[in-house]
Amino acid sequence: MTIDTMTPLLEINAGDTAWVLASASLVLFMTPMLAFFYGGMVRAKGVLNMLMMNVVAMGTIGVLWVVCGYSMAFGDPQWGGLIGNPAQYFELHGVMGTEVGTIPGFVFVAFQSAFAIIATALVSGAVADRMKFFAWVVFTILWGLLVYFPAANWVFGTGWILNTMHAVDFAGGTAIHINAGAAALALALILGPRVGFGSRPMRPHNTTLVMLGAGGLWFGWFGFNAGSTLEANDTAGLAWVNTLAAAAAAMLAWICVERIRDGQPTMLGAASGIVAGLVGITPACASVSPWGAVIIGIVCGAVCALAVSLKYRFSYDDSLDVVGVHMVGGFLGTVLIGFLADPHAMAEGASASLEANGAGLFLGGNGKLLGVQVICALAMMAYSFVVSGLIGLVIKKTMGIRVSTAEELRGIDLVEHAESGYDFSSVRYSSLVLPKAHAHHEDAPRPDGKPARAVETTADKEEISA
1 MTIDTMTPLL EINAGDTAWV LASASLVLFM TPMLAFFYGG MVRAKGVLNM
51 LMMNVVAMGT IGVLWVVCGY SMAFGDPQWG GLIGNPAQYF ELHGVMGTEV
101 GTIPGFVFVA FQSAFAIIAT ALVSGAVADR MKFFAWVVFT ILWGLLVYFP
151 AANWVFGTGW ILNTMHAVDF AGGTAIHINA GAAALALALI LGPRVGFGSR
201 PMRPHNTTLV MLGAGGLWFG WFGFNAGSTL EANDTAGLAW VNTLAAAAAA
251 MLAWICVERI RDGQPTMLGA ASGIVAGLVG ITPACASVSP WGAVIIGIVC
301 GAVCALAVSL KYRFSYDDSL DVVGVHMVGG FLGTVLIGFL ADPHAMAEGA
351 SASLEANGAG LFLGGNGKLL GVQVICALAM MAYSFVVSGL IGLVIKKTMG
401 IRVSTAEELR GIDLVEHAES GYDFSSVRYS SLVLPKAHAH HEDAPRPDGK
451 PARAVETTAD KEEISA
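Structure (structure tokens):
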């Protein structure tokens, strides 16, 4: 998925236009699904804050994209190809009446806007339960301007990764996943760990919500990858199948690792495996065969299942495993292209890369493509980590970035939003009225007419508030 220049309107293909609009909707749908995925993984007292952090990214990045983000990502190259011209399509002036390939310019704007939004939202998983909400709002604005928009230019637009290095990243393994994962690591280090990290369990409060989110992400990811062809063609079909294959293989690999390591596979592991496979296949979905996609899925599922434990060894609180899944998975998927890129499967848009760097090492290549993939992945990781860290430090020194310990213990939902995700104040066992035929003896009324279990225990309250 790339753009070289915006050209005068010549010929629009209705089928391609409909497919890309549908794909844009699928990708935008992924952000609320990510909110569910992340929301289920946090403790009950932080679920609303996590949902809000994802939703507000739709607001800040949505506005920025219209004002200057699209122009920074896809305008004519400035500063040696480091950024697009911010003024060229300022407020989207000049887009009407242009085309990108066989679709209208505004359809491409819509598709890319959803990418910018979810890339930003991904970072929120590393800061759960402890980052001030308006500090997050400011971070999304600065991160979009200084990190994501330039990165999108390098990978999808007129920048150096695509046009100078000729790296293969079809749908954003570097610009989105490595980028977001490196930013997440920087913020996690600046914020410090949650109270009790490493000494008390911080289990997901709702794994059902996690799997609902993972399923929604998988569904939306077909638009993410297959829609990146910008055409309704055989490459879109290949990307769709590869997306399915990699996610399925990664899920199986992750739960197998859990079975060997822990004794039981978990629903959280299955959901995380799905996402790890989707992340890994994102850059490679139109450059490897379906069997190559299975290999990528197995590697990403197994390695990411191990990588998420590194936060305990190195004492950084990546709360919801953004680093272990997105940075590691994105890096693996990008680098594995250097081994598995198949000339017979590569999309037409990757022909320049094939000509410049050859095929994957396992399919007749000489290793040049592998070197290019590693360099570009590491460069994106370093840039995002450094600039994201600087943004975080500036916010910390000015408006403050973290809630107090007392506020964190009380719960960030109440502190930052004056709301809670669940209202248990009126919940009592006495409210559970069962038909007499189904009443249990221990819940039957006493002779004086009062319920046997009218008030929940202290243990019940603690379990609910956790």
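Going by full-length UniProt numbering, the sequence shown opens with residue 1, and the numbers climb by one from there. All residues carry an ideal CB built from backbone N, CA and C; glycine is no exception. Here the structure is a predicted model, which is why all the values come from computation and not from measurement.
Practice task
Take Ser113 and list the residues in its own chain whose beta-carbon comes closer than 7 Å to its own, dropping the five residues that flank it on each side.
Solution key: Gly62, Trp65
Exercise for the section: May I ask you to report which of helix, strand or coil DSSP gives Thr98? Expected result: strand
Exercise for the section: Pull up the DSSP beta-bridge partners for Gly78, would you. Expected result: It should be noted that the sequence gives Gln, not Gly, for residue 78. Partner(s): Ile83.
Problem - Spatial distance of Asn179 from Met52 (CA atoms) - result: 21 Å
Exercise for the section: Look at the Cβ atom of Thr17, then the Cβ atom of Pro104, and state whether they are nearer than 9 Å. Expected result: Taking C-beta atoms as the reference points, Thr17 and Pro104 count as a pair closer than 9 Å.
Practice task
Check whether the Cβ atoms of Leu48 and Glu419 sit closer than 9 Å, and answer yes or no.
Solution key: yes
Exercise for the section: Give the secondary structure of Lys436 by DSSP, where H, G and I count as helix, E and B as strand, and everything else as coil. Expected result: At Lys436 the pLDDT is 46, less than 50, meaning the model places this residue with poor confidence and gives no usable figure here.
Practice task
To the nearest angstrom, report how far apart Val147 and Gly277 are at their CA atoms.
Solution key: 25 Å
Handout entry: Cβ neighbours of Phe29 in the same chain (closer than 6 Å, five flanking residues each side left out)
Key = Gly220
Practice task
Closer than 6 Å by C-beta to Ala302: which residues in its own chain qualify, once you throw out the five before and the five after it? Chain order, please.
Solution key: Ala253, Val257
Problem - Option nearest Leu82 by Cα separation, candidates Ala271, Leu244, Ile161 - result: Among Ala271, Leu244, Ile161, the Cα nearest to that of Leu82 is on Ile161.
Problem - Ile190 burial status per 10 Å Cβ neighbour count (16 or more: buried) - result: buried
Exercise for the section: Might you give, ordered along the chain, the residues of its own chain that have their beta carbon closer than 7 Å to the beta carbon of Trp218, omitting 5 neighbours on each side? Expected result: Ala247, Ile274, Leu278
Handout entry: 3-residue-minimum beta strand (DSSP E) runs that sit fully inside the segment 97 to 136, ordered along the chain
Key = 98 to 100
Problem - Beta-carbon separation (whole angstroms), Ala44 vs Tyr422, contact threshold 8 Å - result: 6 Å
Problem - The alpha helix (DSSP H) enclosing Lys311, as first and last residue numbers - result: 310 to 314
Exercise for the section: Please look up how many angstroms separate the CB atoms of Gly181 and Met327, rounded, as I've assumed it's under 8 Å. Expected result: The beta-carbon separation of Gly181 and Met327, rounded to 2 Å, stays under the 8 Å limit for a contact.
Handout entry: Distance, Gly330 Cα to Pro150 Cα
Key = Between Pro150 and Gly330, the alpha-carbon positions lie close to 18 Å from each other.
Practice task
Put Arg43 into one of helix, strand or coil per three-state DSSP.
Solution key: Residue state, collapsed to three classes: coil.
Handout entry: Three CB pairs or more closer than 8 Å across the segment 186 to 203 and the segment 307 to 325
Key = yes
Handout entry: C-alpha distance - Ile12 paired with Arg194, whole-angstrom precision
Key = 52 Å
Problem - Counterpart residues of Arg402 in DSSP-defined beta bridges - result: According to the DSSP secondary-structure assignment, Arg402 is paired through a beta bridge with Met131.
Problem - Status (buried if at least 16 other CB within 10 Å, exposed otherwise) for Ser124 - result: buried
Handout entry: Best match in Thr102, Ala135, Ile118 for proximity to Ile401 [C-alpha to C-alpha]
Key = Ala135
Handout entry: Per-residue burial, residue 496 [other beta carbons within 10 Å of its own, 16 or more giving buried]
Key = Beyond the ends of the chain as shown, which are 1 and 466, falls residue 496; an answer cannot be given.
Problem - DSSP three-state assignment for Thr235, whether helix, strand or coil - result: In the structure shown, Thr235 sits in a helix (DSSP, three-state: H, G or I).
Problem - Anticipated Cβ contact below 8 Å, Val20 with Leu230, distance rounded - result: The distance from the Cβ of Val20 to that of Leu230 is about 6 Å, consistent with a contact at the 8 Å cut-off.
Practice task
Give the range of the alpha helix (DSSP H) segment to which Phe90 is assigned.
Solution key: Neither: Phe90 is in no alpha helix (DSSP H) and is coded neither H nor E.
Practice task
Along the alpha helix (DSSP H) that carries Ile412, what are the first and last residues, could you check?
Solution key: Counted as a single uninterrupted DSSP element, the alpha helix (DSSP H) harbouring Ile412 occupies residues 412 to 417.
Practice task
From the DSSP output, in three-state form, read off Val288 for me.
Solution key: coil
Practice task
Could you pull out every unbroken alpha helix (DSSP H) segment of at least 4 residues lying fully inside the segment 252 to 297, listed in chain order?
Solution key: 267 to 281
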